[in-house]
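Engineer: Residue numbers (numbering that gives the first Met the number 0), protein chains in the order written: chain C, 0 to 342; chain Y, 0 to 342. The C-beta atom is built at its ideal place from N, Cα and C for all residues, glycine as well. The structure is given below, and queries will be raised subsequently.
2 protein chains.
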Amino acid sequence: MSEKRTDVNELGEFGLIDHITRGNKQHQKSTLRGIGDDAAVVGQGGQYAVISTDMLVEGIHFDMMYTPLKHLGYKAVVVNLSDIYAMNVAPTQVTVSIAISNRYSVEALEELYAGVKKACDFYNVDLIGGDTTSSPKGMIISVTAIGLTDSLDKVVYRSGAKVGDIVCVSGDLGAAYVGLQLLEREKQLYLNDNTITPDFSSYQYVIERQLKPEAAKAAYDYFKRSDLVPSSMMDISDGLSSDMMHICKASGVGAYLEEGKIPLHPESKELALEFNMDPVTCALSGGEDYELLFTVAPEDLDKIRFMPGAYIIGEIVERKDGLKLHTTGGNIHELKAQGWNHF
Amino acid sequence: MSEKRTDVNELGEFGLIDHITRGNKQHQKSTLRGIGDDAAVVGQGGQYAVISTDMLVEGIHFDMMYTPLKHLGYKAVVVNLSDIYAMNVAPTQVTVSIAISNRYSVEALEELYAGVKKACDFYNVDLIGGDTTSSPKGMIISVTAIGLTDSLDKVVYRSGAKVGDIVCVSGDLGAAYVGLQLLEREKQLYLNDNTITPDFSSYQYVIERQLKPEAAKAAYDYFKRSDLVPSSMMDISDGLSSDMMHICKASGVGAYLEEGKIPLHPESKELALEFNMDPVTCALSGGEDYELLFTVAPEDLDKIRFMPGAYIIGEIVERKDGLKLHTTGGNIHELKAQGWNHF
Chain C
0 MSEKRTDVNE
10 LGEFGLIDHI
20 TRGNKQHQKS
30 TLRGIGDDAA
40 VVGQGGQYAV
50 ISTDMLVEGI
60 HFDMMYTPLK
70 HLGYKAVVVN
80 LSDIYAMNVA
90 PTQVTVSIAI
100 SNRYSVEALE
110 ELYAGVKKAC
120 DFYNVDLIGG
130 DTTSSPKGMI
140 ISVTAIGLTD
150 SLDKVVYRSG
160 AKVGDIVCVS
170 GDLGAAYVGL
180 QLLEREKQLY
190 LNDNTITPDF
200 SSYQYVIERQ
210 LKPEAAKAAY
220 DYFKRSDLVP
230 SSMMDISDGL
240 SSDMMHICKA
250 SGVGAYLEEG
260 KIPLHPESKE
270 LALEFNMDPV
280 TCALSGGEDY
290 ELLFTVAPED
300 LDKIRFMPGA
310 YIIGEIVERK
320 DGLKLHTTGG
330 NIHELKAQGW
340 NHF
Chain Y
0 MSEKRTDVNE
10 LGEFGLIDHI
20 TRGNKQHQKS
30 TLRGIGDDAA
40 VVGQGGQYAV
50 ISTDMLVEGI
60 HFDMMYTPLK
70 HLGYKAVVVN
80 LSDIYAMNVA
90 PTQVTVSIAI
100 SNRYSVEALE
110 ELYAGVKKAC
120 DFYNVDLIGG
130 DTTSSPKGMI
140 ISVTAIGLTD
150 SLDKVVYRSG
160 AKVGDIVCVS
170 GDLGAAYVGL
180 QLLEREKQLY
190 LNDNTITPDF
200 SSYQYVIERQ
210 LKPEAAKAAY
220 DYFKRSDLVP
230 SSMMDISDGL
240 SSDMMHICKA
250 SGVGAYLEEG
260 KIPLHPESKE
270 LALEFNMDPV
280 TCALSGGEDY
290 ELLFTVAPED
300 LDKIRFMPGA
310 YIIGEIVERK
320 DGLKLHTTGG
330 NIHELKAQGW
340 NHF
């Protein structure tokens with residue numbers, strides 16, 4: 000091994016993946032899309048599988064102080080299904096691997112799997128495998144989601160956005176992030192004085208968006224029903240800025256977003272202001288909303304107008320024009336990727 | 000959550016998986032085989048994917064004191080490919096997810112991925128995705144392997160063994176376990192006196208079987224070439240006893256194994272005796288050999304006779320006769336599953 004020691008922070012998650020997977024050789028004709036989208040695409044002979052995987056680590060992605068195990072199992076599955084929907088494919092199977100320390104009981108695992116099963120039942124996917132093992136400390140959940148499809152024509156990548164396309168989202172943004180801030184605040188209050196019982200009843204929406212998010216199945220169903228194939232798509236896991244940037248980069252285009260059109264739930268707005276945060280910033284940089292960010296050709300505009308829950312938030316422009324936010328005050332800001340950096 | 004607290008040790012890994020996945024509903028017709036074999040089988044329309052996943056946890060499955068990162072990356076991929084070969088399918092793609100604490104550098108990750116790539120190149124599989132994230136402590140690697148096939152007829156399950164079938168293994172057993180004992184002993188010696196440099200040169204075979212195992216690709220290739228489809232198969236990851244038990248249970252049969260026919264490498268024998276262990280016990284209970292354990296119909300006996308590296312070790316009998324070992328001394332012992340219990 001080289002003597003050099005580069006801290007992983009210097010590269011960040013995306014830089015790290017780029018760095019490490021550089022120079023990978025491809026051996027199989029059946030590998031149609033590898034690393035670099037929400038999911039990989041493999042297959043041949045008119046049958047294809049879209050595959051995505053994610054790892055959730057205790058103390059990094061979730062905090063056991065405020066995450067019910069059932070919600071955690073549910074969320075671990077949902078965030079992976081979201082990646083499959085982001086390819087415009089319905090998920091069909093999942094594998095779930097769990098490593099747990101011996102501080103967890105069989106009953107705790109049952110709770111976790113109750114959440115896994117609930118997500119499987121709700122989204123019509125089958126749990127087909129996994130691994131259960133021990134860890135010296137904490138819990139790690141690794142989920143792989145699979146979506147089988149016989150039509151490659153309808154698979155949507157990040158790379159298909161064209162100048163003039165309309166930028167849309169399938170629902171409101173920023174709530175999951177605001178929910179996390181609320182949970183963290185209440186945790187600190189509780190740690191300082193454990194006689195306090197947090198009352199979340201006024202903020203059920205943002206709490207649920209954080210602890211028990213849903214994948215945008217309704218949007219997928221609508222696309223199918225209306226025979227609409229977005230030109231590009233991904234799910235919003237890192238925040239609108241960062242994820243819009245991914246689409247722009249993959250498609251070789253720019254985009255402008257209208258600040259005033261970014262959908263925010265009233266509860267997110269109210270609570271963001273209570274935390275002295277700009278609600279739009281929460282939407283741009285928050286992440287974990289698992290709504291779909293997608294672009295459609297101008298001729299599909301009418302179909303989007305009737306899409307329940309969807310919002311038109313901007314337009315695809317030429318690459319040289321970059322990624323810009325038109326503020327309600329009439330200014331133009333350049334947007335930077337500000338996704339999560341877990342290292 | 001219920002007030003009851005059952006320790007996961009009470010159930011063990013297999014009991015736990017049975018317990019937790021009981022009552023799972025199936026939603027998709029494309030799920031052809033779910034939990035309970037080396038890999039799941041999904042697909043439709045003449046194209047199928049065989050899928051398996053495994054998680055390796057630092058401090059449980061590997062010890063950084065004697066595991067070179069490149070070997071670790073290689074092994075993490077290989078143990079998953081082994082599960083695909085165990086279904087009589089060639090693996091085609093893998094995803095690799097890694098959680099690491101910040102004590103690992105970019106250079107360390109590069110070493111690990113160099114091993115991943117080496118395994119991908121050697122076995123002709125493509126790295127199509129994964130996740131790289133941080134962990135509060137230690138390293139966790141989760142790999143999912145996929146094998147695409149257009150022929151369901153040649154997929155081999157654990158459940159097809161029939162009375163009268165011949166029991167075979169693709170290579171010698173027990174070496175990986177003996178190698179682990181050696182590494183553990185040298186580690187203890189080093190911890191007691193760090194001026195000692197361990198000399199493994201006389202025991203390269205067992206060390207390599209532990210640190211850099213290979214999947215039984217040659218056996219898969221031979222089956223294909225000779226148009227031989229085993230009646231049942233699995234890979235030996237938990238030890239011959241435990242894995243033979245899995246085949247017997249899944250097939251509703253018994254088996255007898257001939258002690259004198261269980262293949263042992265000279266180095267394994269010599270070293271086992273040095274450790275005051277019975278070499279056959281190492282083969283029966285050791286695990287991690289990643290050879291294939293398979294059964295063939297009596298009419299295929301000739302094909303097996305010419306199979307390089309393969310050994311005939313017993314016969315499938317009726318269920319009521321159980322799983323027995325005929326010792327070289329002429330005694331008959333009942334075998335019990337003694338696989339690894341990580342909890």
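(1) Okay, do the stretch 272-285 of chain C and the stretch 195-215 of chain C touch, 3+ Cβ pairs below 8 Å being the bar?
(2) Starting from Ala-271 of chain Y, trace the beta strand (DSSP E) in both directions and tell me its first and last residue.
(3) Check the C-beta distance from Ile-165 of chain Y over to Thr-294 of chain Y and give it rounded, since I have them as a contact under 8 Å.
(4) Apart from the five residues on each side of it in sequence, which residues of its chain come closer than 8 Å, Cβ to Cβ, to Ser-100 of chain C?
(5) Measure the alpha-carbon distance for Tyr-47 of chain Y versus Ala-39 of chain Y and round it to whole angstroms.
(6) State yes or no: is the C-beta of Thr-143 of chain C within less than 8 Å of the C-beta of Thr-94 of chain C?
(7) Specify, as a first and last residue, the run of the beta strand (DSSP E) that Val-40 of chain Y falls within.
(8) Taking C-beta to C-beta, are Val-41 of chain C and Ile-34 of chain C nearer than 8 Å?
(9) Find the residues of chain Y that neighbour Arg-4 of chain C, judging by a C-beta separation of less than 7 Å, and give them in chain order.
(10) Who are the near neighbours of Pro-197 of chain Y in its chain, counting only those whose CB is closer than 6 Å to its CB and skipping five residues on each side?
(11) For Lys-323 of chain C and His-245 of chain C, what's the separation of their Cα atoms in angstroms?
(12) Taking C-beta pairs closer than 8 Å, name the residues in chain C that Thr-30 of chain Y reaches, listed in chain order.
(13) Whether or not the stretch 111-118 of chain Y and the stretch 172-182 of chain Y are in contact is what I'm after, with contact meaning three or more pairs of Cβ atoms, one per stretch, closer than 8 Å; do they touch?
(14) Give the C-beta separation of Ala-416 of chain C and Glu-314 of chain C to the nearest angstrom, bearing in mind that I take them to be a contact with Cβ-Cβ under 8 Å.
(15) Rounded to the nearest angstrom, what separates Val-78 of chain C and Gly-72 of chain C at their Cα positions?
(16) Are there 16 or more other CB atoms within 10 angstroms of the CB of Asp-288 of chain C, so buried, or fewer, so exposed?
(17) Have a look at Pro-297 of chain Y and Met-306 of chain Y and give me their C-alpha separation to the nearest angstrom.
(18) Kindly say whether Met-0 of chain C, judged by its beta-carbon, lies nearer than 8 Å to any beta-carbon of chain Y.
(19) Let me confirm a value: Met-64 of chain C is counted as buried when at least 16 other C-beta atoms fall within 10 Å, else exposed. Which label applies?
(20) Is the Cβ-Cβ distance between Val-162 of chain C and Val-228 of chain C less than 8 Å?
(21) According to DSSP, simplified to helix, strand and coil, what is Tyr-84 of chain C?
(22) Secondary structure at Ser-241 of chain Y, three-state DSSP: helix, strand or coil?
(23) Which residue comes first and which comes last in the alpha helix (DSSP H) that contains Tyr-112 of chain Y?
(24) Taking Asp-234 of chain Y as part of the beta strand (DSSP E), name the residues at either end of that continuous run.
(25) Excluding the five sequence neighbours on either side, which residues of its own chain have a C-beta within less than 7 Å of the C-beta of Ser-169 of chain Y, listed in chain order?
(26) If you draw a straight line from the alpha carbon of Leu-80 of chain C to that of Ser-225 of chain Y, how long is it in whole angstroms?
(27) Which same chain residues, not among the five before or five after Phe-222 of chain Y, have their C-beta less than 8 Å away from its C-beta?
(28) Is Glu-110 of chain C near the ligand GTP, with its Cβ less than 7 Å from a heavy atom?
(29) So who's on the other strand from Gln-46 of chain C, going by DSSP bridges?
(30) Just to confirm my understanding: we take Trp-339 of chain C, look at its own chain, exclude 5 residues before and 5 after, and list those with CB closer than 7 Å. What are they?
(31) Check whether the Cβ of Ile-16 of chain C lies closer than 8 Å to any Cβ atom in chain Y.
(32) Considering only the alpha carbon of each residue, which of Y:Phe-121, Y:Gly-22, Y:Gln-187 lies closest to Ile-195 of chain Y?
(33) In or out: Phe-274 of chain Y buried (at least 16 other Cβ within 10 Å) or exposed?
(34) Quick one: residues in its chain with C-beta nearer than 7 Å to the C-beta of Gly-45 of chain Y, no 5 flanking neighbours on either side, listed in chain order?
(35) Once the 5 residues before and after Phe-199 of chain Y are set aside, which same chain residues still bring their CB inside 7 Å of it?
(36) Asp-234 of chain C and Ala-85 of chain C look like a contact to me (Cβ under 8 Å); what is the Cβ gap, rounded to whole Å?
Structural biologist: Once the coordinates are examined:
(1) no
(2) Not the beta strand (DSSP E): Ala-271 of chain Y falls in the alpha helix (DSSP H), residues 265-273.
(3) 6 Å
(4) Ser-133, Ser-134, Pro-135, Lys-136, Gly-137, Met-138
(5) 10 Å
(6) yes
(7) 39-43
(8) no
(9) Ser-104, Glu-106
(10) Glu-185
(11) 14 Å
(12) Thr-91, Gln-92, Asp-125, Ile-127
(13) no
(14) Lying before the first or after the last residue shown, residue 416 of chain C is absent from chain C, which here runs from 0 to 342.
(15) 10 Å
(16) buried
(17) 15 Å
(18) Unreliable placement is indicated for Met-0 of chain C, whose pLDDT of 43 sits below 50; the coordinate value is still reported in the next sentence. Yes, its Cβ sits closer than 8 Å to a Cβ of chain Y.
(19) exposed
(20) no
(21) helix
(22) helix
(23) 105-122
(24) 231-234
(25) Ala-215, Ala-218, Glu-290, Leu-291, Gly-308, Ala-309
(26) 41 Å
(27) Asn-87, Val-228, Pro-229
(28) Summarising the ligand content, the structure contains no ligands, and the ligand GTP is consequently not present.
(29) C:Gln-43
(30) Here the model assigns Trp-339 of chain C a pLDDT of 42, short of 50, so the residue's position is not dependable, and the following value carries that caveat. The answer, listed in chain order, is Asp-237, Gly-286.
(31) yes
(32) Y:Gln-187
(33) exposed
(34) Asp-149
(35) Ile-206
(36) 4 Å
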